[in-house]
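Q: Sharing a structure, written as structure tokens. Questions coming.
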Amino acid sequence: MTGSRIARAEFAAPNPITAFTAAAIQQSGNTNITNFLQRVPALTGSRDSTQTSGGNAVYSNPFGAAGLNELNLRNLGTNRTLVLVNGRRHVAGEANSAAVDINSIPTDLIERVDVLTGGASAVYGADGVSGVVNFILKRDFDGIAARGQLGISSRGDAGNRFASIAAGHSFAGGRGNLTLAYEYNADDRLENDDRSYLRADQRQYLIPNDAAATNPAAPHNILVGNLRYPNESPIGAVDATGSGTPNFNGLGQPYQHGSPAAYYSTGGDDTPVAGFYSGDLAPRIERHDVNLLGHYDVSDALKLSVEAKFAQTKATSFDYYIGTYGAPITLDNPFIPQSIRAAALAAGQTQVAVTRDNIDYGRHGETDLRRTYRGVFDVTGRISNHATYDAYFEYGRTDVDITKLNNLLAANYTNALDVVTSPATGQPVCRTNLTGGNPACVPVSLFGAGPISPAALRYFQVDDTSFARITQQVANASISGDFGAFFALPGGPVQFSVGGEYRRETSAFEPSDNLINNRFVAFTEPTLVVPSGGRFDVKEAFGELNAPIFKGQRLAETLSVGAAYRFSNYSTIGDTTTWQVNGVYAPVRDISFRGSYGESVRAPNIAELFQPLSGDSNFFIDPCAPNELGHGTQYRAANCAAVLSAVGAAISPALQTASNVVGTRAGNPALKAETARTWTAGVVLRPRFLRGLTASLDWYDIDLRGAISTPAPSQLASLCVDQPSVANPFCAAITRTQGTGIISGYAVQPQNVSRFRTAGADLNIDYVIRAGKLGTFDFRLVGGYLDRLEFVGTPGAAATDNVDQPGAPKFNFNLSPSWTRGGLTIGYNLRWADATRTVDKLTTDNDPNYAPAAQLRYSELWQHDLQIALDVGRAYSIYAGVQNLTDQRPDPGNAINQPISAVGRYLYTGVKIRTGRFR
């Protein structure tokens, strides 16, 4: 049972578990398991591939994140979600992280998925502070089974192709079995402009309202369309006179400046914002998964089993267009239009400065090729009538080829822009090739929209590959049983499980030579990239007890109490202990009460400990700019005055940076383990007068202290001034320029300074009605209520309320009724989530007139899915379905996937063939 090594009946489980079967997965039509699991209230904040594509992946996460699917339990982070396969750990899919890429888990081999709330560190070790997600795989297949599915959006894009086949054979009278399974999945790339409402002519953004400066009644932020980046253009923005702003476009015409709109503009020659940085809405993903499952029972005392897996995922996504900013072009360049050259000469200039967004170069992007290898060898058997043993060794490895696409080599690009007229031919030529010494250089013009020639691109544009490797080794041995040979309680013998585990994990990232030597143009990749990695091992001893005090007694159908304890010795942080106590009480068969209380830990991962000093860049919205002062805590204004005064500056609109700020990232070897106190309490109903009904309601409360906080660079400045004082690690990480106060640098480093607190309730109702000739009706409802989700930046600071934020709705549920009669099954699914905030609660509390009411919340999520399946004979079945039947789309505003992704209505059809069955 997930959450315990002690065997017990499902109704006697002390921890709340939400389980979904293989049938539920296939009835959903999802071939991406993360998409399916987002319907679980505890996992709504998980990252699927639409959140690891485009700017979300390539721009925001420098290396290796494209196409990742990672689970986020209780919104406490992917690194705090422990993912298991058959109750065992799984190697991570991302360098320097503990997060598992769910792409590596085969969809059609899943028997069920268990989602356990509550600290599980006492049973499974570190990382399970919010609970665990356990994938139980099918075994013992005898025969052949295959499935194929095709899907496409109602707009004719975002295609999906899925196929799986499994072949198995039992032998030795059923004592042995060997099963081989293969699975293929391919998802097509979906681009921003594939959705008309996200294109530049229709897209709207919520930005500061300039009119509010003179009209106190006006909302401080409004939706604005036709938004553009000022003073940059896809046809070139040329400063010919040294004024610092463009006065010509690249065609030699007077520059048409857009109308000012906060930090943006509208109209004119400026570059449209829509789609420029966000790029893809979904990546192109191709996945292959091969699994070998086998076992042989020599006897009851010796049972051998093996699991072997190879999974390959190739994900490609594109994000922004690489710009050329303020490039100096000398006046002997023949590409300069005559009107621009004349203006420059009249102003006494020897060169002009050109800023151009290079749409014709293609988007910057990333292809990540992940290969995961995993093997488990297990030996188990019976020692006596009261004890069994289990020992296994597991090895996992993930290799990642991280290829940055369409990067620009700075030296070559500079050569290509430095163009003169060849005295021999009268044609434009690279200055470095005047004497024929650089024949590969093809001259490039920044004046006009292009297009650039393929030959020119080949000289300075490259696809550049780095490499990462993550390994995991686990050796585990345990003995489980009961003390029935010696004594028994009125409810039965006391059950136990004891054992030990050794685990070793490594991670290494080897950047390319180009990255190490900073050969790319500015702001496309971090400026200081160095090899990184680390390793740790941990030795652990663990034990569990379950005491069934009463069973089958009057007013005590079941009464049991249990406990679990784990001691761990880490090579990095030393000793930790985790524990849990729990209990189950059922006065009658129809109702039971359950609860648990415990302490869990999360040890810092390899990146948090060992990341060497490396470069970074990020755009900041300065919290001390006048229009941002009211969007923080009560401390912000005074703290801003203090930090600015320290560098001889004052609050001013000029604080807002116009471009990215260069900073650094590094690990922190002094980190300690996080500690979480978790309790759950719930009730389970199985009324005999309503056969087939099971209902449960559970409360959870997780208090995580000493949490390791690694804020995003853009959060650092706000966290600095929103604490009770400026004497905090966030202020120490921000550098401001002397005299002006403008943010000029930053340093991101994890610290044990934060606290997370979350609490809420989960509701599960499953009601199966067998109505004879009318068929079988199955109703499943999974609901969630989020009471609190708080983040405290430093001890003593005010809590940030994250309830009602995207991914963390206050209320949400998933309703899945189905009807089966004969070979016909009709299934419906409704996924609903409460409307979430477009901005955090603190901002609107401090600024009631922040924006019009319609822009303060995203719409409720109403996703309707439908599937019809028909068995054709005993071995075949066909099915067809639609997801997002009503074609709900994202709301206008700054996000592109709230409250739902931009894929839209999705149609699919499939066929299943089976000549055998799994046991």
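Under the working numbering, think of the first position of the sequence shown as 91, with each following residue one higher. Glycine included, C-beta positions come from ideal geometry on N, C-alpha and C.
By Cβ distance, which residues of its chain are closer than 6 Å to Ala236, with the 5 residues on each side in sequence left out?
A: So the qualifying residues of the chain are Ile255 and Ile1003.
Q: Are Gly326 and Phe537 touching if we call contact CB-CB under 8 Å?
A: Yes, Cβ-Cβ distance for Gly326 and Phe537 is below 8 Å.
Q: Taking C-alpha atoms, which residue in Ser658, Ile606, Phe640 and Thr662 lies nearest to Phe626?
A: Nearest option by C-alpha distance: Thr662.
Q: Closer than 8 Å is the cut-off here; do at least three beta carbon pairs connect the segment 644 to 657 with the segment 439 to 450?
A: No: fewer than three Cβ pairs fall under 8 Å.
Q: Taking all protein chains shown into account, do 16 or more other C-beta atoms lie within 10 angstroms of the C-beta of Ala744, making it buried, or fewer, making it exposed?
A: Exposed, because fewer than 16 other Cβ atoms sit within 10 Å of the Cβ of Ala744.
Q: Candidates Ala959, Trp922, Gly971 and Ala943: which alpha carbon is nearest Gln128's?
A: Comparing Cα positions, the closest option is Trp922.
Q: Is Glu698 helix, strand or coil by DSSP?
A: Helix at Glu698.
Q: If you compare alpha carbons, which of Gly685, Pro533, Asp329 and Leu383 is closest to Ala437?
A: Nearest C-alpha to Ala437: Asp329.
Q: For the beta strand (DSSP E) containing Tyr549, name the first residue and the last one.
A: Taken as a continuous stretch (DSSP letters only), Tyr549 belongs to no beta strand (DSSP E), being part of the alpha helix (DSSP H) at Pro544 to Phe550.
Q: Under the three-state reduction of DSSP, which class applies to Lys1011: helix, strand or coil?
A: Given a span of 91 to 1009 for the chain in the structure shown, any question on residue 1011 remains unanswerable.
Q: In whole angstroms, give me the CA-to-CA distance for Ala925 and Ala992.
A: So the alpha carbons of these two residues sit roughly 17 Å apart.
Q: Between which two residues does the beta strand (DSSP E) containing Cys520 stretch?
A: Its beta strand (DSSP E) spans residues Pro518 to Cys520.
Q: Identify which residue in Gln643, Asn250 and Trp669 has its Cα closest to the Cα of Val678.
A: The shortest C-alpha separation from Val678 is found at Gln643.
Q: Would you check if the distance between the CB atom of Tyr479 and the CB atom of Gly471 is smaller than 8 Å?
A: Contact: yes.
Q: Starting from Tyr214 and walking both ways along the alpha helix (DSSP H), at which residues does that stretch end?
A: Note, Tyr214: alpha helix (DSSP H), Ser211 to Tyr214.
Q: So what does DSSP say about Lys863, is it helix, strand or coil?
A: Helix, per DSSP.
Q: Rounded C-beta distance between Ile234 and Ala271? I'm assuming under 8 Å.
A: Ile234 to Ala271, Cβ: 11 Å. No contact.
Q: Consult DSSP for Asp379 and reduce its assignment to one of helix, strand or coil.
A: The answer is strand: DSSP assigns Asp379 an E or B state.
Q: Can you find the residues in the same chain that come closer than 6 Å, C-beta to C-beta, to Val203, ignoring five residues on each side of it along the sequence?
A: So the list reads Phe110 and Phe225, once near-sequence residues are dropped.
Q: Could you give the distance in angstroms between the alpha-carbon of Leu371 and the alpha-carbon of Arg279?
A: About 8 Å.
Q: For my contact list, Leu879 and Thr848 are in at a C-beta cut-off of 8 Å; report their separation, rounded to the angstrom.
A: Yes, Leu879 and Thr848 are in contact; Cβ-Cβ is about 5 Å, under 8 Å.
Q: Report, in whole angstroms, the separation of the C-beta atoms of Arg251 and Ala276, which I expect to be a contact under 8 Å.
A: Contact holds; Cβ gap of about 5 Å.
Q: From Thr134 to Leu163, what distance separates their C-alpha atoms?
A: Their Cα atoms are separated by approximately 8 Å.
Q: In its own chain, which residues sit with a C-beta less than 6 Å from the C-beta of Pro942, not counting the 5 before and 5 after it?
A: Excluding sequence neighbours, Pro942 sits near Pro309.
Q: Near Ala102, what residues of its chain come up, given a Cβ to Cβ distance below 7 Å and the 5 sequence neighbours on each side ignored?
A: Correct list, in chain order: Thr648, Ser650 and Val674.
Q: Nearest to Thr420 by alpha carbon, out of Glu397, Tyr367 and Ile430?
A: Nearest of Glu397, Tyr367 and Ile430 to Thr420, Cα basis: Ile430.
Q: Comparing alpha-carbon positions, which option in Pro196, Gln441 and Ser220 lies nearest Leu227?
A: It is Pro196.
Q: Does the beta-carbon of Val962 have 16 or more other beta-carbons within 10 angstroms, so that it is buried, or is it exposed?
A: Val962 should be labelled exposed.
Q: Can you tell me which residues form a DSSP beta bridge with Val929?
A: Answer is none; Val929 lacks a bridge partner.
Q: Would you mind working out which of His954, Phe867, Ile242 and Thr493 sits nearest Ser407, comparing C-alpha positions?
A: With distances taken between Cα atoms, Ser407 lies closest to Thr493.
Q: Rounding to the nearest angstrom, what Cα-Cα distance links Phe400 and Asn193 in this structure?
A: If you take the alpha carbons of Phe400 and Asn193, they lie about 12 Å apart.
Q: According to DSSP, which residues form a beta bridge with Thr493?
A: For Thr493, which the question treats as bridged, DSSP gives the partners Thr457 and Thr555.
Q: Who are the Cβ neighbours of Ala303 in its own chain at under 7 Å, not counting the five residues just before and after it?
A: Within the same chain, Ala303 has no close Cβ partners at all.
Q: Just checking, does the segment 539 to 551 make contact with the segment 575 to 589 on the three C-beta pairs under 8 Å criterion?
A: Contact fails: fewer than three Cβ-Cβ distances are below 8 Å.
Q: Residues in the same chain with beta-carbon distance under 7 Å from Thr933, minus the five sequence neighbours each way, listed in chain order, please.
A: Excluding sequence neighbours, Thr933 sits near His721 and Tyr940.
Q: Using 8 Å as the Cβ pair cut-off and three pairs as the minimum, do the segment 178 to 186 and the segment 778 to 788 touch?
A: Output reads no: the segment 778 to 788 does not touch the segment 178 to 186.
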